[in-house]
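Participant: Can you read through this structure? Questions will come right after.
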Amino acid sequence: MVPRVNGEILVGSNVEFVGYDKRVTASGVHDILTRAFAAVPTLAQESLLATWAGLRPHCQDGLPILGAIPGTRGAFLATGHFRNGILLSLITGRVMAQLILGENPTFPLKPFRPDRFVDPSSQIPGEKPDL
Numbered sequence: 003m004v005p006r007v008n009g010e011i012l013v014g015s016n017v018e019f020v021g022y023d024k025r026v027t028a029s030g031v032h033d034i035l036t037r038a039f040a041a042v043p044t045l046a047q048e049s050l051l052a053t054w055a056g057l058r059p060h061c062q063d064g065l066p067i068l069g070a071i072p073g074t075r076g077a078f079l080a081t082g083h084f085r086n087g088i089l090l091s092l093i094t095g096r097v098m099a100q101l102i103l104g105e106n107p108t109f110p111l112k113p114f115r116p117d118r119f120v121d122p123s124s125q126i127p128g129e130k131p132d133l
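Numbering-wise, our numbering comes out as the position in the sequence shown, counting from 1, plus 2.
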């Protein structure tokens, strides 16, 4: 819950694995409100002003993608942080800046490399990704 300067209270959030469907579901609202009412029972007397849904990009292995895009000079990815994007923004920004500047990253990025999803059998023989 986040109290706003204008007196409104923002409550959330939840996770529903529905692909790219950004519709707000009744069950999602119910889950959020149930938790909010348990914490602050008087909220049940307030008006519901708006609902909103967003996407939380994530990768199949649960790790974000950080690094140069193979075969595309000067292009980098920093995505797939799921619900921890804002929490990891400082370190993500730091290591991406280090990569872009040609410096050694603060920690090993091998587990986060974009090419970890590339099927080796789909590459052209002798071709090396431009990392």
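All C-beta atoms, glycine included, are put in the ideal place defined by N, C-alpha and C.
Name the two residues that bound the continuous beta strand (DSSP E) containing Ile2.
Facilitator: Missing from the structure shown is residue 2; the chain here goes from 3 to 133 and no further.
Participant: Where does Val26 fall in DSSP's three states?
Facilitator: coil
Participant: Output the boundary residues of the alpha helix (DSSP H) element that contains Thr94.
Facilitator: 91-102
Participant: Just curious, the beta strand (DSSP E) that Thr81 is in, first and last residue?
Facilitator: 78-81
Participant: How would you call Val26, buried or exposed, if buried means at least 16 neighbouring beta carbons within 10 angstroms?
Facilitator: exposed
Participant: If you check the beta carbons only, do Ala41 and Met98 fall under 8 Å apart?
Facilitator: no
Participant: Which value, in whole angstroms, describes the spacing of the CA atoms of Gln62 and Ile88?
Facilitator: 20 Å
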